[in-house]
Amino acid sequence: MDELKAFATEMGEKPFRGKQLFVWINRGAGSFQEMTDLPKSFREKLEETAYIGLPQLLDMQVDKADGTRKFLWGFPGPDGEPDEEATVESVFMKYKYGNSLCVSSQIGCRMGCGFCASALGGFVRNLTSGEMLGQVLAAERETKQTINHIVVMGMGEPFDNYDALSGFLKLLHDPAGKNMSYRNMTVSTSGLVPGIRKFAADFPQAGLAISLHRLTDEGRSAIMPVNRRYPLTELLGAAREYTQATGRRITFEYALIRGENDSDQDVQLMIQKLRGMLCHVNLIPLNDVKETGFKGSGRARANQIAEELNRSGISATVRRELGSDIDGACGQLRLHSKK
Ligand code: SAH
């Protein structure tokens with residue numbers, strides 16, 4: 359809002375016009391003409407000098423059974439013209455407690471996880487805070503529904519773009535904007551330890567998820583190169599610090615890959631390493647991404663593992679498979695639209 363107030367002043371208007379702009383943009387306005395409480399002369403000046411960079415809908419897939427919708431968005435380049443490289447995905451999901459949007463934080467990703475479609479698409483650039491918020495506003499416009507929860511679990515590594523992520527969460531929280539509680543926001547990281555520490559200090563009320571997927575350094579490094587920089591002892595140490603500092607339960611994501619991390623031995627190792635931690639394990643049947651060669655373990659095995667973990671005192675559930683018939687894995691829509 360401060361930036362918009364400064365912008366309004368620069369254009370010879372009173373600062374409160376900037377607040378009006380902020381409110382309109384956060385309501386999802388697609389043009390300055392819609393902003394009927396701004397003087398006509400200001401609206402005309404805005405038309406000439408500025409644009410509202412809401413992403414453009416390039417593709418959408420709808421899962422008719424559960425209402426999940428996956429969007430492929432295109433962002434304008436600095437000149438306001440469409441930029442072919444600048445595409446990301448968001449996924450809209452309906453839950454009992456409200457609507458949730460899975461938001462992307464980068465165009466592509468640098469982490470290079472072996473099973474992930476976003477890695478295959480390559481890294482293009484970071485998204486800005488506004489472009490992350492744009493996904494939310496555009497999704498609300500498309501679905502005509504309010505989004506109550508945000509998970510930053512789409513394309514990209516949010517802690518590799520920390521400042522923009524932080525700006526985005528603050529925008530969501532702004533009382534003149536969506537006024538969303540930090541409790542309704544969750545960020546997922548592949549394990550950038552400095553980011554975890556900073557996040558615990560900056561957003562103690564928000565949720566944190568860590569993509570674990572394997573519990574030996576050798577095995578985890580083979581599928582997640584980030585593990586070479588921040589090995590498991592350090593990562594689990596940071597996770598413990600997080601739960602101590604915030605009092606919040608941490609979520610560990612564990613994508614079940616057939617023959618890679620789903621044996622009884624893998625499960626025992628998980629029990630051994632996570633026992634006593636304030637955590638929840640979210641088992642994700644891997645979405646098959648043809649190009650990676652990895653296959654999912656299947657729901658039956660996932661349920662077995664969840665039972666075993668729960669019996670051993672580790673809270674675990676199998677992620678509800680929303681949108682399984684629509685290329686649900688992040689990065690897939692973008693990957694397949696390129697062909
Ligand atoms: N970079 C962040 C957030 C984006 S990925 C992170 O790694 O946490 C969101 C989640 O989807 C991560 O747990 C990721 O490992 C998982 N994921 C990636 N590819 C997948 C696939 N093909 N099937 C299931 N989950 C996948």
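Residue numbers for the sequence shown follow my numbering, beginning at 359 and rising by one. Beta carbons are placed, not taken as given, at the ideal position from N, Cα and C, and that holds for glycine. Keep in mind it's a predicted model, so treat the numbers as computed, not measured.
Contact test: residue i Cβ vs the ligand SAH heavy atom, cutoff 7 Å
{"i": "F473", "result": "yes"}
{"i": "L594", "result": "no"}
{"i": "E611", "result": "yes"}
{"i": "M628", "result": "no"}
{"i": "M469", "result": "yes"}
{"i": "T785", "result": "Nothing can be reported for residue 785, as the shown portion of the chain is limited to 359 through 697."}
{"i": "M393", "result": "no"}
{"i": "I642", "result": "yes"}
{"i": "V639", "result": "no"}
{"i": "M511", "result": "yes"}
{"i": "V446", "result": "no"}
{"i": "N519", "result": "no"}
{"i": "T426", "result": "no"}
{"i": "N619", "result": "no"}
{"i": "V625", "result": "no"}
{"i": "T547", "result": "yes"}
{"i": "E406", "result": "no"}
{"i": "L484", "result": "According to the sequence as given, residue 484 is Asn; it is not Leu. Result no, Cβ not under 7 Å from the ligand SAH."}
Whole-number beta carbon distance between residue j and residue i, since they are thought to touch under 8 Å
{"i": "L485", "j": "V449", "result": "About 16 Å separates the two Cβ atoms, so there is no contact after all."}
{"i": "G435", "j": "A423", "result": "Not really, about 37 Å apart at Cβ, beyond 8 Å."}
{"i": "K631", "j": "L594", "result": "7 Å"}
{"i": "V676", "j": "A660", "result": "5 Å"}
{"i": "I672", "j": "L641", "result": "Between L641 and I672 the Cβ distance is about 11 Å, and since that is not below 8 Å, they are no contact."}
{"i": "Q513", "j": "C467", "result": "Sequence inspection shows Met at residue 513; the Gln mentioned does not correspond to that position. 6 Å between Cβ atoms; contact."}
{"i": "E500", "j": "L415", "result": "6 Å"}
{"i": "S546", "j": "V584", "result": "Not confirmed; about 13 Å, so no contact."}
{"i": "D395", "j": "Q378", "result": "6 Å"}
Same chain only: Cβ atoms within 7 Å of residue i, ignoring 5 sequence neighbours per side
{"i": "A596", "result": "V551, I554, R555"}
{"i": "F561", "result": "L527, Y540"}
{"i": "Q503", "result": "N457"}
{"i": "E592", "result": "V551"}
For residue i, the nearest candidate out of the options (CA to CA)
{"i": "E515", "options": "M393, F481, A496", "result": "F481"}
{"i": "E368", "options": "V381, A408, M393, F390", "result": "A408"}
{"i": "A700", "options": "F473, W382, M511", "result": "Absent from the model: residue 700. The displayed extent of the chain is 359 to 697, so no value can be given."}
{"i": "R578", "options": "Y600, M628, L530", "result": "M628"}
{"i": "P397", "options": "R375, V381, C474, Q414", "result": "R375"}
{"i": "I410", "options": "L416, L430, V584, W382", "result": "W382"}
{"i": "R586", "options": "M513, E611, F561, M469", "result": "M469"}
{"i": "Q464", "options": "S487, E442, K372", "result": "S487"}
{"i": "F380", "options": "P533, D575, K502", "result": "P533"}
{"i": "S704", "options": "M451, K452, E489", "result": "Outside the modelled stretch of the chain, which goes from 359 to 697, sits residue 704, for which no answer is possible."}
{"i": "S524", "options": "N645, M393, A496, A564", "result": "A564"}
{"i": "E442", "options": "R483, Y453, C460", "result": "R483"}
Cutoff 6 Å; reference residue i; Cβ partners in own chain excluding five residues on either side
{"i": "K697", "result": "Residue placement at K697 cannot be trusted, given a pLDDT of 38 that sits under 50; the coordinates are not used to answer."}
{"i": "A311", "result": "Residue 311 is absent from the structure shown; the chain starts at 359 and stops at 697."}
{"i": "F390", "result": "R401, L404, E405"}
{"i": "R616", "result": "K653, S655"}
Cross-strand partners of residue i (DSSP beta bridge)
{"i": "H638", "result": "T609"}
{"i": "T415", "result": "Position check: residue 415 holds Leu in this sequence, whereas Thr was assumed. Bridge partners of L415: W431."}
{"i": "V509", "result": "C460, T544"}
{"i": "A420", "result": "With the sequence shown as reference, residue 420 is identified as Val, and Ala is not the correct amino acid for it. Per DSSP, R427."}
{"i": "L614", "result": "P643"}
{"i": "E447", "result": "L430"}
{"i": "T675", "result": "N640"}
{"i": "L566", "result": "V545"}
{"i": "I465", "result": "R483"}
{"i": "Y453", "result": "G456"}
Contacts around residue i, its chain only, beta-carbon distance under 8 Å, and the 5 residues preceding and following it disregarded
{"i": "G438", "result": "Y409, G411"}
{"i": "N506", "result": "Y455, G456, N457, S458, M538, N542"}
{"i": "C637", "result": "A597, T601, R607, I608, T609, F610, I672, S673"}
{"i": "G492", "result": "G411, L412, P413, W431, F433"}
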